[in-house]
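Asks:
This is the structure we're talking about:
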């Protein structure tokens with residue numbers, strides 16, 4: 067077996083090793099996929115200082131020049147896509163085809179975001195004065211990336227932060243740092259030194275970054291619990307925050323829906339990436355008229371799907387990404403078993419696997435107060451919930467502290483739209499799920515977040531508004 071690669075951080079355009087490293091574990095094999103640097107407080111200070119030095123020059127560039135840098139970054143990613151995708155699979159577990167699509171999504175987001183503009187609003191323009199409001203960069207952005215999409219989630223932060231004129235300190239998840247470290251290497255010499263710095267480390271690095279006085283904004287994606295801690299840490303310096311947090315996303319299927327079509331789309335809407343998607347369907351409300359047909363079809367799909375190492379050909383669902391999340395899902399499965407809920411398929415593994423594999427699990431009609439209904443499972447488990455009256459389904463769907471995504475399914479789009487408009491979620495899809503675009507903002511309501519990402523609104527989250535008034539004549 068070859069010796070795992072030891073990666074270096076990127077600070078001020080240079081490779082920076084650390085005095086100590088930690089092992090990154092492949093969740094499919096439990097083997098070491100690589101060694102990541104364990105950043106010290108002094109090295110974080112150096113990364114923030116490098117970003118602060120680089121940011122004024124970066125902001126002073128014409129917007130057209132920053133656009134070209136984003137496009138050049140996309141070209142480098144495309145040229146190294148196979149290597150980056152393999153790293154994503156090794157550290158995160160998803161099938162290689164999905165990792166390849168994730169890396170392609172990063173370059174796509176860079177190119178599409180580069181076409182956005184930083185508008186100027188003219189408030190007054192007459193003989194007395196000219197008043198405009200423009201958007202200026204915040205300064206230095208700390209980007210904290212989750213483990214479920216190490217490249218995909220970076221796209222929502224990297225592209226708009228840079229286009230807006232900010233410099234960055236990127237901190238990937240402790241579980242999935244390798245692809246971001248390699249990307250930092252690839253961008254040395256492509257972007258001006260200090261504009262993008264990549265640091266990695268243990269659980270203490272995130273709080274250090276959040277509380278750092280040299281950070282002007284934190285863009286965080288992760289759990290609601292950690293999001294509260296991020297907001298509290300940023301409050302000391304009044305750093306701006308964008309928080310994309312947890313979700314317990316409901317899907318409502320009306321009685322006229324095409325059962326076979328909806329079953330397949332919602333199966334993958336729940337179990338893609340082993341269910342580890344903030345916008346995945348996590349509670350499936352099925353009208354009684356279609357419950358049995360959809361449940362049977364989803365059970366059949368679960369029996370046909372190939373679960374395994376993401377590097378193996380034909381694998382459709384990889385492992386749960388890390389031991390901590392695996393144990394969380396196992397705990398929910400045990401709770402469902404202990405309460406006697408019906409397992410339609412899947413369930414607890416017969417023995418401890420070598421990798422963190424779980425079969426797709428469907429739980430039939432548990433009560434609304436069951437943990438598997440109330441809590442975000444973030445794994446390959448889905449409760450199927452029966453309803454008879456759409457008013458009841460809407461009330462149950464909204465009875466959550468979360469409000470990230472939702473979907474409604476019907477042969478009548480107008481009827482589905484009438485339901486969608488009453489759901490408490492930042493994004494509601496009709497007859498599809500998890501469709502995102504670099505031109506469309508998304509974010510959460512309630513405990514699912516603060517602010518939005520992507521689109522024009524997402525770009526402006528990385529700016530401050532500044533009004534300039536020029537007096538033209540004395541009264």
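In this note's numbering, the protein residues as written are 67 to 541.
Note that the Cβ used here is the ideal one computed from N, Cα and C, for glycine as well.
Tell whether a beta-carbon distance below 8 Å holds between residue 410 and residue 399.
Replies: no
Asks: Tell me which residue opens and which closes the beta strand (DSSP E) that residue 174 is part of.
Replies: Note, residue 174: premise wrong, no beta strand (DSSP E); alpha helix (DSSP H) at 162 to 180.
Asks: Terminal residues of the continuous alpha helix (DSSP H) containing residue 389?
Replies: 389 to 404
Asks: Where does residue 234 sit, in a helix, a strand or coil, going by DSSP?
Replies: strand
Asks: Let me know if residue 216 comes out buried or exposed under the rule of 16 or more other beta-carbons within 10 Å of its beta-carbon.
Replies: buried
Asks: Output the boundary residues of the beta strand (DSSP E) element that contains residue 100.
Replies: 98 to 103
Asks: At the level of alpha carbons, what is the spacing between residue 457 and residue 379?
Replies: 45 Å
Asks: Rounded to the nearest angstrom, what separates residue 342 and residue 386 at their Cα positions?
Replies: Going by the C-alpha atoms only, they are around 8 Å apart.
Asks: Distance check for residue 163 and residue 454, CA to CA, integer angstroms please.
Replies: 39 Å
Asks: Just checking my contact of residue 168 with residue 505 at CB under 8 Å: how many whole Å lie between their CB atoms?
Replies: No, residue 168 and residue 505 are not in contact; Cβ-Cβ is about 19 Å, not under 8 Å.
Asks: State the DSSP-derived secondary structure class of residue 137, mapped to helix, strand or coil.
Replies: helix
Asks: Pairs of beta-carbons, one from the segment 514 to 531 and one from the segment 221 to 233, closer than 8 Å: are there three or more?
Replies: yes
Asks: Look at the Cβ atom of residue 237, then the Cβ atom of residue 275, and state whether they are nearer than 8 Å.
Replies: yes
Asks: Can you give me the Cβ contacts of residue 114 inside the same chain, cut-off strictly under 7 Å, excluding the 5 residues immediately before and after it?
Replies: So the list reads 206, 235, 278, 280 and 281, once near-sequence residues are dropped.
Asks: Candidates 534, 509 and 533: which alpha carbon is nearest residue 222's?
Replies: 509
Asks: Using the beta-carbon count (16 or more within 10 Å), is residue 160 buried or exposed?
Replies: buried
Asks: Any idea which residues DSSP pairs residue 20 with across the strands?
Replies: Nothing can be reported for residue 20: it is not among the residues displayed for the chain, which extend from 67 to 541.
Asks: I'd like to check one pair, residue 357 with residue 248: are the Cβ atoms closer than 8 Å?
Replies: no
Asks: Helix, strand or coil for residue 257? Go by DSSP, reduced to three states.
Replies: Here DSSP, grouped into helix, strand and coil, assigns residue 257 to strand.
Asks: Alpha helix (DSSP H) containing residue 326: first to last residue?
Replies: It spans 325 to 337 - the alpha helix (DSSP H) in which residue 326 sits, taken as one unbroken run.
Asks: For residue 419, tell me which candidate among 87, 93 and 75 has the shortest Cα-Cα distance.
Replies: A check of alpha carbon separations from residue 419 across 87, 93 and 75 identifies 93 as the nearest.
Asks: Quick one: what's residue 317 bridged to in DSSP?
Replies: 350 and 473
Asks: Between 513, 367, 112 and 88, which lies nearest to residue 382 when the distance is taken from Cα to Cα?
Replies: 367
Asks: Can you check whether the CB of residue 296 is closer than 8 Å to the CB of residue 284?
Replies: yes
Asks: Candidates 498, 507, 500 and 465: which alpha carbon is nearest residue 488's?
Replies: For residue 488, the nearest C-alpha among the options comes from 465.
Asks: Looking at the structure shown, is residue 535 part of a helix, part of a strand, or coil, going by DSSP?
Replies: Strand at residue 535.
Asks: Check the C-beta distance from residue 388 over to residue 241 and give it rounded, since I have them as a contact under 8 Å.
Replies: 5 Å
Asks: Count the CB pairs spanning the segment 80 to 95 and the segment 150 to 160 that are closer than 8 Å, and state whether there are at least three.
Replies: These segments touch.
Asks: Closer than 7 Å by C-beta to residue 459: which residues in its own chain qualify, once you throw out the five before and the five after it? Chain order, please.
Replies: 318, 351 and 453
Asks: How would you label residue 348, buried or exposed, when you count the other beta carbons within 10 angstroms and need 16 or more for buried?
Replies: Its Cβ being crowded by 16 or more others within 10 Å, residue 348 is buried.
Asks: Whose C-beta lies closer than 8 Å to the C-beta of residue 75 among residues of the same chain, with five residues either side of it excluded?
Replies: 81, 82, 83, 84, 103, 105, 109, 113, 247, 250, 263, 264, 265 and 266
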